[in-house]
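**Student:** Per this note's numbering, the very first residue in the sequence shown carries number 85; after that it's consecutive.
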Amino acid sequence: MTVLVIADHDNAELGESTRAAVTAAKKIGGDVHVLVAGKDAGAVAEAAAKVDGVAKVFHADAEPLEKQLAEAMETLVLGLADDYDAILAPATTTGKNFMPRIAAKLDVMQISDIASVEDAETFIRPIYAGNAMMTVKSSDKKKVITVRPTTFEKAGDQDSAASVETIDAPEAAAASRFVSEELSESDRPELASAKIVISGGRGMGNGENFQILERVADKLNAAVGASRAAVDAGFVPNDYQVGQTGKVVAPELYIAVGISGAIQHLAGMKDSKVIVAINKDEEAPIFEVADYGLVADLFDAVPAFEEEIGKI
Ligand code: FAD
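#1: Can you check whether the CB of residue 325 is closer than 9 Å to the CB of residue 340?
#2: When you compare only the Cα positions, how much space is there between residue 236 and residue 208?
#3: For residue 142, which three-state DSSP category applies?
#4: Would the region 210–225 count as touching the region 133–150 if we require 3 or more Cβ pairs under 8 Å?
#5: From 184, 321, 278 and 328, pick the residue whose C-alpha is nearest to that of residue 304; which is it?
#6: Hey, is residue 342 close to the ligand FAD, as in C-beta under 8 Å from one of its heavy atoms?
#7: Do the region 283–292 and the region 251–260 touch if we need at least three Cβ pairs shorter than 8 Å?
#8: Could you tell me whether the region 128–135 touches the region 235–252, using the rule of 3 or more Cβ pairs below 8 Å?
#9: Examine the ligand FAD and report whether any of its heavy atoms sits within less than 8 Å of the Cβ of residue 165.
#10: For residue 103, name the three-state secondary structure that DSSP assigns.
#11: In chain order, what are the residue ranges of uninterrupted beta strand (DSSP E) at least 3 long that sit wholly in the region 184–272?
#12: Determine the DSSP secondary structure at residue 344, reduced to helix, strand or coil.
#13: Which of helix, strand or coil does DSSP assign to residue 290?
#14: What first and last residue would you give for the beta strand (DSSP E) that runs through residue 91?
#15: On the DSSP letters alone, give me the boundaries of the beta strand (DSSP E) that residue 284 sits inside.
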């Protein structure tokens, strides 16, 4: 059994989600190899070689791999696929883009967004927006799997680094090209990996009121999230959205402010370790998943909370 993990990265740093995918790969068993496909991503390959349990790293460096476009990744991964029983990638924006293409080309079923590895053929994954967990047994000879990063421990570092082998990146079909990307700049931690997240919903009333949450976030070194209703109302950009159609987060602490707790929102945050909800409606469904609930007007409760943090 040999497993290939395709690394998620930004060409400068190895994504934490890759460490989660390595943990999943170790549970499948056998040797774990990592593919770092990118442009000038040598430092990422070095970092991948140090991840605990990694036996070998392949490093492919080419312009079309910079953004891991699906066509370029397909050509590269299919060139390696014969040697592997399972191919894993974190279920990130890029992984979710290229993995279905690889599965289709290998003529196997993709096993998406796994939350647990039972054995080399059996996996558990959420369905119905996380309201049910499905056990999937695959008889495909080669498994193509995306891994939900928030549900696996992040593998640490090992004492001695694995070898890094440079491989050629084959010419990819030029069916698509990277045009541009717009990334929002923030000094706060990234929403998907932050240890503390404070999110606002429609109850915030408008975008300006999100400053109340931002002040708390700055004191707690937290990321700011939002419900879809808050995003749709234009209070905050859509990369703030947590939920079924937004980001899936599982921080140590999730504070939901003025959020009712619709199932589509819960799908993105209910695995958080501690959930705190502030809502003026005591019947709000968010209180069913909250570890601590405060029935209060957020415009009183959040500034009072901020003041208390200031005393610490
Ligand atoms: P509301 O449901 O309007 O709740 C606002 C809450 O604020 C209420 O509970 C109210 O009591 C409280 N409140 C109001 N004023 C105050 C105050 N002053 N102090 C304290 N509390 C106050 N939603 C997501 O969040 N993420 C998703 O990814 C997502 N994906 C979806 C996908 C699909 C296919 C569909 C159909 C829906 C999706 N939704 C998603 C939308 C979801 O169904 C809800 O509409 C949305 O989550 C509601 O957002 P909300 O809780 O902010 O708003």
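Beta carbons: idealized from backbone N, C-alpha and C, even for Gly.
**Tutor:** Quick answer:
#1: Along the sequence shown, one-based indexing puts residue 340 at 256. Along the sequence shown, one-based indexing puts residue 325 at 241. Result no, Cβ atoms of residue 340 and residue 325 do not sit closer than 9 Å.
#2: Looking up residue 236 in the sequence shown gives position 152. Looking up residue 208 in the sequence shown gives position 124. If you take the alpha carbons of residue 236 and residue 208, they lie about 12 Å apart.
#3: Within the sequence shown, numbered from 1, the residue matching residue 142 stands at position 58. Here residue 142 sits in strand by DSSP.
#4: no
#5: The sequence position of residue 304 within the sequence shown is 220, counting from 1. The shortest C-alpha separation from residue 304 is found at 278.
#6: Your numbering for residue 342 matches position 258 in the sequence shown. The answer is yes for residue 342.
#7: no
#8: yes
#9: Stepping through the sequence shown from its first residue, residue 165 is reached at position 81. Residue 165: no, Cβ never under 8 Å from the ligand FAD.
#10: As a working mapping, residue 103 is identified with position 19 in the sequence shown. It is helical.
#11: 194–198, 200–203, 206–211, 216–221, 227–231 and 247–251
#12: Position 260 of the sequence shown, counting from 1, holds the residue named residue 344. It is coil, neither helix nor strand.
#13: As a first step, residue 290 must be located in the sequence shown, where it is residue number 206. It is coil, neither helix nor strand.
#14: Indexing the sequence shown from 1 puts residue 91 at position 7. Here residue 91 belongs to no beta strand (DSSP E), and DSSP marks it neither H nor E.
#15: Sequence index remark: in the sequence shown, residue 284 carries index 200 (1-based). Counting along the chain, the beta strand (DSSP E) containing residue 284 begins and ends at 280–284.
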